[in-house]
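Remarks on the structure that follows.
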Amino acid sequence: MPRGDYVGTGTNCLLLGSLVKKGAIVAGRPEAEIHPALTPRPEDVVVSRVHGLSPFHGTELEPVLRSRGVTTVVIAGVSTNVGVPGACLEAVNRGFSVVVPEDCTAGAWPEAHEFQVTNTLPLLATVTTSAEIRTALAERPAARAPLR
235 MPRGDYVGTG
245 TNCLLLGSLV
255 KKGAIVAGRP
265 EAEIHPALTP
275 RPEDVVVSRV
285 HGLSPFHGTE
295 LEPVLRSRGV
305 TTVVIAGVST
315 NVGVPGACLE
325 AVNRGFSVVV
335 PEDCTAGAWP
345 EAHEFQVTNT
355 LPLLATVTTS
365 AEIRTALAER
375 PAARAPLR
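Letter by letter, the sequence shown follows residues 235 to 382 of this note's numbering.
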């Protein structure tokens, strides 16, 4: 989430430049807060991102996942135009397997979303549904805590 003064947020592409120009979606503003239905629990890890377009860039996400023994990540959210494929690409580059629940993603417009989930995302991830992920998680053996 960019800082209110946008320090650390580049304007070297149209997307970031328009974000800064509009002055929208910055830390501390109500529209940038986590939706109350998704409020993290005390045991959840929240990784903040102040710059860049993907969750791995400039954050501690990778070491957090590695320390927990994670080998597969589930990527959901907005947008299938930029954010979701960017996150998938960075996860794959780091050796993670990736799963995308299509019903938990959205694009800037329906045609772009459909193109990405049909043509681009399957090259990087297993594209499935949230129901199929819940079923797969319910069927797997209980995860062991990583050794410390």
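Every residue gets a Cβ at the ideal spot worked out from N, C-alpha and C, and that includes glycine.
Here the structure is a predicted model, which is why all the values come from computation and not from measurement.
According to DSSP, is residue 335 part of a helix, a strand, or is it coil? strand
Per DSSP, which residues does residue 360 bridge with? Please list them. 333
Do residue 292 and residue 313 have their CB atoms nearer than 8 Å? no
Using only alpha-carbon positions, find the residue among 329, 361 and 345 that is nearest to residue 315. 345
Out of 237, 288 and 329, state which residue places its alpha-carbon closest to the alpha-carbon of residue 319. Residue 319 has its Cα closest to that of 288, out of 237, 288 and 329.
Would you call the CB atoms of residue 271 and residue 235 closer than 8 Å? Cβ atoms of residue 271 and residue 235: not closer than 8 Å.
Where does the unbroken alpha helix (DSSP H) through residue 284 begin, and where does it stop? Taken as a continuous stretch (DSSP letters only), residue 284 belongs to no alpha helix (DSSP H), as it is neither H nor E.
By the DSSP assignment, the beta strand (DSSP E) with residue 307 in it spans what residues? Counting along the chain, residue 307 sits inside the beta strand (DSSP E) bounded by residues 306-308.
Take the Cβ of residue 351 as the centre, count every other Cβ of all protein chains shown within 10 Å, and call the residue buried at 16 or more, exposed below. buried
With distance defined between alpha-carbon atoms, name the residue in 311, 332 and 336 nearest to residue 268. 311
For residue 312, does the three-state DSSP call read helix, strand or coil? strand
As assigned by DSSP and simplified to three states, the class of residue 342: coil
My output table needs one value for residue 288: the three-state DSSP class, helix, strand or coil. Coil, per DSSP.
Mark residue 322 as exposed unless 16 or more other C-beta atoms lie within 10 angstroms of its C-beta, in which case mark it buried. Of the other Cβ atoms in all chains shown, 16 or more fall within 10 Å of the Cβ of residue 322; this residue is therefore buried.
Residue 372 to residue 366, Cα distance in whole Å? 10 Å
At the level of alpha carbons, what is the spacing between residue 359 and residue 258? 30 Å
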